[in-house]
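Okay, so here's the structure we're looking at.
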Amino acid sequence: MIESLKHLPPSTSASEALARQFTDLAPALTSRQAAIEAARCLYCYDAPCMHACPTGIDVASFIRNIHDGNLNGAAHNILKQNIFGGACSRVCPTEILCEDACVRNHMEEHQPVKIGLLQRHAIDHATFNQHPFERAPATGKTIAVVGAGPAGLSCAHRLAMLGNDVIVFEANAKAGGLNEYGIAKYKLPGDVAQEEVAFLLEIGGIEVRTGYALGVNLHLQDLHVRYDAVFLGIGLTASRQLGLTGEHAPGLMSAIDYIATLRQAQDLACLPVPRRAIVIGAGNTAIDMAVQIKHMGAEDVTLVYRRGLDAMSATHHEIAIAKANFVRIRTWAAPLEVLLTDTGRVMGMRFEETALKGTRLAGTGATIDIAADAVFKAIGQSMEAVSLSDDLAGAIARQGDKIAVDDHFRTSVAGIYAGGDCVAPGQDLTVQAVQHGKLAAHAIHQDIQFKTGAAWPT
């Protein structure tokens, strides 16, 4: 039970009906559909789709494999660049990456090749007799990876391929990170996340130890001494605060906490569901929260953002999903006050209408009240303060509230690397976290073999 919402009733829908609300967002291609779609690809020589992919998947090559009926070859081409190719085929914003770059996406045709669905088709139907990648000869080196999310596990897999041993430390009870706990259930349904983790670990040489949280029962100083290198893929798990009185009242909670609980629930019918809900935010997490609570049975869901629609960080595709699910989007309104009942429970939010004064966002003085039984914050995440609380961690240079790294994902402390959402560069995308982990692995391998990896100048 989610403590903040325990006073709310569970969904009125039966378990089976709710389960049907959380199947794949887009239906899978049939073999015939995949063949027809693959035939649309022009197999461009310069392949702009490949250049648009953060992990550098050779899109034209794997689509040609599908066209030729070689699904194992297609899957191998994908996985050698992105070991999380299955999850990314479902959650990647292809509409702003590879499919946006597709040469068929022009005014006359305006229909790019369905690259994401073709990638999913290849991964879902590949039949490997054993793990498709082999380990290189053992190096005798052992690397600690903190965080078993896409960045950490991608790094671990590539390090293992290169012949290193890896110990992965994870705070949660399961490996998978964002894919297991933070992605909308209708985007990554069932046990897809755990199946992908199990597949990745088949490479060998990787040990996952759960229940270890950096700064709590795991300390960077100790890891730095015990292992040949350390990679931090700790993500952003702390929800930012609104800074309003009543923020911790029953009925107000972070969107990521509800999403995590929903993803782990054995029976969705047991989860509390508000009749009216407000989601504060403008990113994909806000959209995920709003759509999922609608699927759970909320009658009235309003997503509120302090700027205009064109400033939302959620993609147009995500916004369209919200609208298709009858989520009301209210822009130009900033949180002003949590409205509480006599017993101290959330009964709504008061917002101040906003406007641009030149280039600066300012309140207008006008207010609007929106009634709600629950309010979900999706205003961004930051690193848990305790994660980098020991003396060595305190020496790591920061850029804003994230870890600063160089082009090879080295931090300012020699032997410590970082990647994924916790580092300064990037778009906070799963696919980019995978690429960070992969590139960091190559840098780590190179550095520990040749005794380089000195701290970069600060």
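Take the sequence shown: its position 429, counted from the start at 1, is 458 in the working numbering, and no numbers get skipped. Glycine residues also receive a C-beta, built at the ideal position from the N, C-alpha and C atoms.
Check whether the Cβ atoms of residue i and residue j lie closer than 8 angstroms to each other.
i       : j       : result
Val-490 : Met-325 : Residue 490 lies beyond the residue range present for the chain, which begins at 30 and ends at 487; the question has no answer from this structure.
Gly-145 : Thr-171 : no
Gly-373 : Pro-279 : yes
Leu-369 : Glu-381 : no
Ala-401 : Ile-307 : yes
Leu-291 : Thr-459 : no
Asn-62  : Gly-114 : The sequence as given places Gln at residue 62; Asn does not occur at that position. It is not a contact, given that the beta carbons lie outside the stated cut-off.
Gly-448 : His-465 : yes
Ala-167 : Leu-126 : no
Val-226 : Val-197 : no
Alpha helix (DSSP H) containing residue i: first to last residue?
i       : result
Ile-285 : 284-293
Ile-125 : Neither: Ile-125 is in no alpha helix (DSSP H) and is coded neither H nor E.
Phe-228 : 221-230
Leu-147 : 144-154
Ile-86  : First-last for Ile-86: undefined, no H or E at that position.
Thr-459 : 459-478
Tyr-256 : Counting along the chain, Tyr-256 falls outside any alpha helix (DSSP H), and DSSP gives it neither H nor E.
Thr-266 : Per DSSP, Thr-266 belongs to no alpha helix (DSSP H) and is neither H nor E.
On a Cα-Cα basis, can you pick out the residue from the options that is closest to residue i?
i       : options                            : result
Lys-488 : Asp-436, Leu-54, Tyr-72            : Because the chain in this structure spans residues 30 to 487, residue 488 falls outside the shown range and cannot be described.
Val-548 : Ala-403, Gly-337, Leu-385, Ile-263 : No answer is possible for residue 548: it lies beyond the span of the chain, which begins at 30 and ends at 487.
Gln-270 : Val-367, Arg-359, Ala-130, Ile-399 : Val-367
His-474 : Arg-187, Val-356, Gly-423          : Arg-187
Ala-151 : Pro-141, Cys-117, Ile-95, Leu-281  : Ile-95
Leu-297 : Ile-288, His-437, Gln-250          : Ile-288
Gln-250 : Ser-33, Glu-66, Ile-425, Asp-430   : Ile-425
Asp-435 : Leu-468, Phe-405, Asn-246, Val-463 : Leu-468
Ala-414 : Gly-312, Val-237, Leu-243          : Leu-243
Lys-214 : Ile-408, Gly-85, Val-120, Val-375  : Val-120
Phe-51  : Asp-339, Val-221, Ala-433, Phe-157 : Val-221
Arg-304 : Cys-184, Met-376, Val-237, Ile-235 : Met-376
Asn-134 : Leu-58, Leu-100, Pro-77            : Pro-77
Thr-360 : Asn-354, Arg-93, Ile-309           : Ile-309
Lys-334 : Lys-431, Ala-267, Ile-348          : Per the sequence shown, the amino acid found at residue 334 is Tyr instead of Lys. Per the Cα distances, Ile-348.
In whole angstroms, what separates the C-alpha of residue i from that of residue j?
i       : j       : result
Ser-283 : Cys-73  : 44 angstroms
Ser-418 : Val-442 : 15 angstroms
Glu-224 : Thr-274 : 43 angstroms
Gly-169 : Ala-104 : 30 angstroms
Val-254 : Val-452 : 23 angstroms
Ile-477 : Asp-97  : 42 angstroms
Ser-40  : His-345 : 29 angstroms
Gly-312 : Ala-363 : 15 angstroms
Ser-411 : Ile-263 : 10 angstroms
Glu-231 : Ile-31  : 35 angstroms
Ser-42  : Asn-193 : 50 angstroms
Gln-428 : Asp-450 : 13 angstroms
Leu-108 : Leu-385 : 46 angstroms
Met-79  : Gly-394 : 49 angstroms
Ala-407 : Lys-480 : 43 angstroms
Asp-87  : Val-356 : 37 angstroms
Ser-118 : Asp-371 : 48 angstroms
Ala-483 : Gly-409 : In this predicted model, Ala-483 has a pLDDT of only 48, less than 50, meaning its place in the structure is not dependable; the value taken from the coordinates is given anyway. Approximately 33 angstroms between the Cα atoms of the pair.
His-471 : Ala-433 : 19 angstroms
Leu-281 : Leu-265 : 20 angstroms
Met-378 : His-277 : 13 angstroms
Looking at the unbroken beta strand (DSSP E) that takes in residue i, where does it start and where does it end?
i       : result
Val-375 : 375-386
Asn-390 : Checking the sequence, you will find Leu at residue 390 rather than Asn. 389-400 is the extent of the beta strand (DSSP E) around Leu-390.
Val-356 : Where Val-356 is concerned, there is no enclosing beta strand (DSSP E), given that its DSSP letter is neither H nor E.
Lys-406 : 403-407
Arg-238 : 235-239
Arg-171 : Reading off the sequence, residue 171 comes out as Thr, not Arg. Residues 171-175.
Pro-364 : 362-369
Just mark residue i as buried or exposed, buried being the case when its beta carbon has 16 or more other beta carbons within 10 Å.
i       : result
Asp-75  : exposed
Arg-389 : exposed
Gln-140 : exposed
Leu-332 : buried
Pro-179 : buried
Pro-83  : buried
Asn-246 : exposed
Glu-209 : buried
Phe-260 : buried
Phe-157 : exposed
Pro-486 : Note that Pro-486 scores a pLDDT of 48, beneath 50, so its modelled location is shaky and nothing firm can be said.
Thr-396 : exposed
Ala-46  : exposed
Cys-299 : exposed
Ser-44  : exposed
Comparing the C-beta of residue i with each C-beta of chain D, is any distance below 8 angstroms?
i       : result
Ala-453 : No chain D appears in the structure shown, which is made up of a single protein chain.
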